[in-house]
Structures are given as C-alpha cells and as structure tokens.
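A.B. asks: FYI, in the numbering used here the residues of the sequence shown are 1103 to 1517.
For every residue, glycine included, the Cβ atom is placed at its ideal position computed from N, Cα and C.
A quick note: this is a predicted structure, and the numbers were derived from the prediction, not measured.
Pasting a structure here, questions to come.
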Amino acid sequence: MKKSLPFTKKQIEEIIKIYPTPFHIYDEKAIRENARKFYQAFSWIDGFKNYFAVKANPNPHILKILKKESMGTDCSSLPELILAEKVGLKGEEIMFTSNETPAKEYQYAKKLGAIINLDDISHIEFLESATGLPKLICCRYNPGPTREGNRFIGNPAEAKYGMTKEQLFKAYKILKEKGAKRFGLHTMVVSNELNPEQIIETAKMLFELVIEISQEVEIKLEFVNLGGGIGIPYKLEQEPMNLSYVSQKIKKLYEEMIVKNALDPLGIVFECGRMVTGPYGYLVTTVLHQKHIYKDYVGVDACMANLMRPALYGAYHYQTVLGKENYPQNHIYDVVGSLCENNDKFAIDRKLPKIEIGDIIVIHDTGAHGYAMGFNYNGKLRSAELLLKADGSLGQIRRAETVDDYFATLDFSGL
C-alpha cells in the first residue's frame, strides 16, 4: 500500500510560518469519505451506528465532523461526556463505556440520557445507588479463555474489562427484576486488528449469546456492540480491512442466527476510533540536529509527548521526508526526540533519504492515539492541532500549549 499526503512541501512551509512545528494536521475530506464508506458497507443494517471512540481523538472539531456523518461517541470519562455534549450529541447518540467509574460520572451520563454500558455485575448496585437504573442498559462481556485476543489487547482472560458469561446472565436477570426494559450487549476482544475473521468471529460470538440470553433470561436484546478494534495499515505491506467482506459475512450470520430465531430486528453498532481518523492525521516535525556515534541519529523538534505509540508499543509509523519522496532510501537512522528517555524514538534503524538539518519529516497515521496520548514529562508542551478543511482552507483546532499553561495548575504560594 502506498502512503500519500494531502499537502505539498510548499504548503507545509507556508503553514510553518504561522504554526511552528511540531503540529498534528488532519485531513477533513478524507475523514468524511472514510466515514461514509464505513456506513455504506453496513447499510443493510437498519439504524447502523458507529460510536466514535473519543479517546482516539478528543477534539470537538473532529467530533463535530463525525456527528455530521451520523456517528455518535463512545465516552469513558466525565470530560469525554462533556465533549460529546458540547458538540451537540445527546441521548442515545452517546455510549458511556467506562470501568472503575466514579458515581458523578454515572450521574452525568444518566443526565445526558447516554447508553450506560456496565463493566461489572457489582456496578448494578453502585449505579442504582448513584443515580437509579435507566430503562436502557448495556452489559460488557469478557469471553475469557474461550477467545484469543491479539498482541495489542492481550488475552481476554487477563483483561480487567467485562463480565464472565455466568455473571452476564445473572446481571440481565437482576436488571430485568429491577425494572430495566431495554438491553444491549457489548464486547471488545481485539485492538488494531487487520484480520477480518476476528471481527466476524466476534459477531458470531455475540449472536450466540443473544440466542442464549433470550431463551434463558427471556429478554429481547435491542443491539449488540461489536466494539472497536478494526486496525489500519501502518506498514506499506499491509492492507486496510475489507469492510464489505466483513459486512457480508456478518449479514449471513445475522440471517442464519438472528432472523431464523425470530430475534430480529437486532441493531449492530461499533465503537471504532482508530480506523475512522487514524490514517488521516500527520505529525509534522523539523530536523534540529544530527548525531553520529555508534549509530546515526536524527533529532527532531517533536518527541514522545507528541506521539507515544512508538515508545510505548514499539509501534511503526511510516515517515516521509518532504521534498525527498523520490530520493533513494540509502541511509539508516534512528529518528529521535529530546526527552530524557532512551525510548523517545520515532524510528529505529529506519531506511530514509540522506537527511539535512532543517528537513521536514511527516510521520503518518497519527490521527488516532497520537495527540490524545500526549503528556508533559520533562516539561514538554503539547503541540497544536490543525485541520485541513474539506474546502482546502486551514484552521487551527487546538493551539499549542505555552509555558503559562504548564505552570497554571501549580501553587507557588508560600515558597
């Protein structure tokens, strides 16, 4: 798969005159087209919805774009709920999927009319005490040793999320007795997955549960949430997941399992974040230094405070040196930031064109879990976020942090 850019070197050089590097820049047109492609693939499902995982890109301008493309939000904290509210989302356009949840967050979710997705059976009593049980409630299932996750999310039996099968059935019985009238079912067993069979198998697993729950608990499930987990092709040799293939396989299972058991209509929703915005964000950074010791290092003005994934997971992000796209990649570098951490590296032993001080490097696929995972270690300040709008204009959608921002929460009195 070829990696392309929605801007030229000349455009970026003009942008840098106003917004110094580093910064993240997002491609609105591509995000919208991708959202429509997702919905088109699952158009056979009445009321299909993706609840965009706010944690992937918590910027209200991005959320507003996705709202206009019929997406809701999957929130996991009070600030994420407030973000959803501020862009005009309300009620069942919001899914609240959290764990170890404070009472005030359940209360706010209830106030917004969000769909509350319970992570544990003990949370029924906690939620009831905090705010009362809503009429619509969802429960999160953890399949444990019956399913294998992937290397990103790990073994479900080791995950802190969700209920066992026994707890799940018991939870629905308790909720029914306590007056709940509408029910949903959720799981998430893979992350950044490119194998379509994993998503199809998740649908099959949930459909089987829907049948069993309807028979044993005698409730009708309104929807299943297949979670997120659809990956993106970070590497050139990878291909995006074929959503049409996944959809048609799930449709076949739906007809064989749900329709034949007279359990339709059953809504199908996702909570994808990465595959929606991930490929359409770019971290733009400038080369400040070179160092030649036991290895050759390229030092840039971004650091893992701007993009943590390579340091955290050893994740791969393709890099383009602007103006040198067609140059031979005949030099091997570690591309590094300035943190006092030796894992502050965007690339290790990466083949790139010969690099000079002042070159502009674009790090691809930072539209999800990029800026969102930023932090202030070493007193580093988080960068600006820019939006390349669908009409070709540019807007700043988050300013860069300042030193004053860094000191704003500190109390210097009495020193």
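Under 7 Å between C-beta atoms, does Lys-1166 make it to chain D?
C.D. replies: Protein chains in the displayed structure number just one, and chain D is not present.
A.B. asks: If Thr-1233 sits next to Asp-1403, beta carbons under 8 Å apart, how far is it from one beta carbon to the other, in whole angstroms?
C.D. replies: Actually they are not in contact, since the Cβ atoms of Thr-1233 and Asp-1403 sit about 46 Å apart, beyond 8 Å.
A.B. asks: Excluding sequence positions up to five away, which residues of its chain have a Cβ less than 7 Å from the Cβ of Phe-1109?
C.D. replies: Around Phe-1109: Leu-1490.
A.B. asks: Could you please give me the residues that DSSP links to Leu-1496 through a beta bridge?
C.D. replies: The partner list for Leu-1496 (beta bridge, DSSP) reads Leu-1490.
A.B. asks: Apart from the five residues just before and just after Thr-1266, which ones in its own chain have a Cβ nearer than 7 Å to its Cβ?
C.D. replies: Only Asn-1244, Gly-1246 meet the Cβ criterion.
A.B. asks: So, are the CB atoms of Pro-1258 and Val-1291 less than 7 Å apart?
C.D. replies: Against a cut-off of 7 Å, the Cβ pair of Val-1291 and Pro-1258 comes out as a contact.
A.B. asks: Can you list, in chain order, the residues of its chain whose CB lies under 7 Å from that of Gly-1190, leaving out five sequence neighbours each side?
C.D. replies: Closer than 7 Å at the Cβ level, and outside the excluded window around Gly-1190, lie Lys-1169.
A.B. asks: Rounded to whole angstroms, what is the Cα-Cα separation between Pro-1236 and Lys-1212?
C.D. replies: So the alpha carbons of these two residues sit roughly 7 Å apart.
A.B. asks: How about Ile-1462 and Ile-1114: are their beta carbons less than 7 Å apart?
C.D. replies: Yes, these two residues count as a Cβ contact at 7 Å.
A.B. asks: Buried or exposed: His-1225, going by 16 or more other Cβ atoms within 10 Å of its Cβ?
C.D. replies: Per the 10 Å Cβ criterion, buried.
A.B. asks: Which same chain residues, not among the five before or five after Ile-1332, have their C-beta less than 6 Å away from its C-beta?
C.D. replies: Closer than 6 Å at the Cβ level, and outside the excluded window around Ile-1332, lie Met-1343, Cys-1374, Met-1377.
A.B. asks: For Thr-1248, which residues from the same chain have a beta carbon less than 7 Å from its beta carbon, with the 5 sequence-adjacent residues on both sides left out?
C.D. replies: Same-chain partners within the cutoff: there are none.
A.B. asks: Helix, strand or coil for Leu-1452 per DSSP?
C.D. replies: Note that residue 1452 is Arg in the sequence shown here, rather than Leu. Arg-1452: strand per DSSP, three-state reduction.
A.B. asks: Helix, strand or coil for Tyr-1396, going by three-state DSSP, please let me know.
C.D. replies: Note: Tyr-1396 maps to coil in three-state DSSP.
A.B. asks: Do Gly-1469 and Tyr-1382 have their C-beta atoms within less than 7 Å of each other?
C.D. replies: In contact: Gly-1469 and Tyr-1382 (Cβ atoms closer than 7 Å).
A.B. asks: For a test of the three-state rule: what should DSSP assign to His-1466, helix, strand or coil?
C.D. replies: Of the three classes helix, strand and coil, the one that applies to His-1466 here is coil, per DSSP.
A.B. asks: Compare the C-alpha of Ala-1364 against each of Ile-1321, Asp-1506, Gln-1300, Leu-1390 and name the closest.
C.D. replies: With distances taken between Cα atoms, Ala-1364 lies closest to Ile-1321.
A.B. asks: Just to confirm before moving on: does the CB-CB distance between Lys-1337 and Tyr-1210 stay below 7 Å?
C.D. replies: The answer is no: Cβ separation not under 7 Å.
A.B. asks: Examine the Cβ distances between the stretch 1351-1366 and the stretch 1410-1426 and report whether three or more of them are shorter than 8 Å.
C.D. replies: Counting Cβ pairs under 8 Å, fewer than three are found: no touch.
A.B. asks: For Thr-1504 and Ala-1486, I'd like the C-alpha separation in whole angstroms.
C.D. replies: If you take the alpha carbons of Thr-1504 and Ala-1486, they lie about 10 Å apart.
A.B. asks: Excluding the 5 residues flanking Ile-1223 on each side, which residues of the same chain have their C-beta closer than 6 Å to its C-beta?
C.D. replies: Only Met-1265, Gln-1269, Ala-1273 meet the Cβ criterion.
A.B. asks: What are the start and end residues of each continuous beta strand (DSSP E) run of 3 or more residues lying completely inside the stretch 1144-1197, in chain order?
C.D. replies: Counting whole runs of 3 or more residues, the stretch 1144-1197 contains the beta strand (DSSP E) stretches 1151-1155, 1174-1177.
A.B. asks: If the criterion is Cβ atoms closer than 7 Å, does the pair Gly-1380 and Cys-1405 meet it?
C.D. replies: No, Cβ-Cβ distance for Gly-1380 and Cys-1405 is not below 7 Å.
A.B. asks: Quick one, which of Glu-1202, Ile-1217, Ala-1216 has its alpha-carbon nearest Phe-1228's?
C.D. replies: Phe-1228 has its Cα closest to that of Glu-1202, out of Glu-1202, Ile-1217, Ala-1216.
A.B. asks: Residue range of the alpha helix (DSSP H) that Thr-1511 falls in?
C.D. replies: From DSSP, Thr-1511 is part of no alpha helix (DSSP H); its letter is neither H nor E.
A.B. asks: In or out: Gly-1330 buried (at least 16 other Cβ within 10 Å) or exposed?
C.D. replies: Classification for Gly-1330: buried.
A.B. asks: For Ile-1117, which three-state DSSP category applies?
C.D. replies: Looking at Ile-1117 - three-state DSSP - the assignment turns out to be helix.
A.B. asks: Can you have a look at Phe-1514 and say buried or exposed, based on whether 16 or more other CB atoms are within 10 angstroms of its CB?
C.D. replies: With fewer than 16 Cβ atoms within 10 Å of its Cβ, Phe-1514 is classed as exposed.
A.B. asks: For Asn-1219, which beta-bridge partners are listed by DSSP?
C.D. replies: According to DSSP, which records beta bridges pairwise, Asn-1219 is partnered with Thr-1199, Cys-1240.
A.B. asks: Specify, as a first and last residue, the run of the beta strand (DSSP E) that Tyr-1435 falls within.
C.D. replies: It spans 1433-1438 - the beta strand (DSSP E) in which Tyr-1435 sits, taken as one unbroken run.
A.B. asks: Less than 7 Å separating the beta-carbons of Ile-1239 and Ala-1205?
C.D. replies: Cβ distance not < 7 Å, so Ile-1239 and Ala-1205 don't count as in contact.
A.B. asks: Is Lys-1280 helix, strand or coil by DSSP?
C.D. replies: Three-state result, Lys-1280: coil.
A.B. asks: Across the stretch 1385-1399 and the stretch 1117-1134, are there enough close Cβ pairs to call them in contact, namely three or more that are closer than 8 Å?
C.D. replies: The stretch 1385-1399 is in contact with the stretch 1117-1134.
A.B. asks: In chain order, what residues of the same chain have a beta carbon less than 8 Å from the beta carbon of Ala-1492, not counting five sequence neighbours either side?
C.D. replies: So the qualifying residues of the chain are Glu-1130, Lys-1131, Arg-1134.
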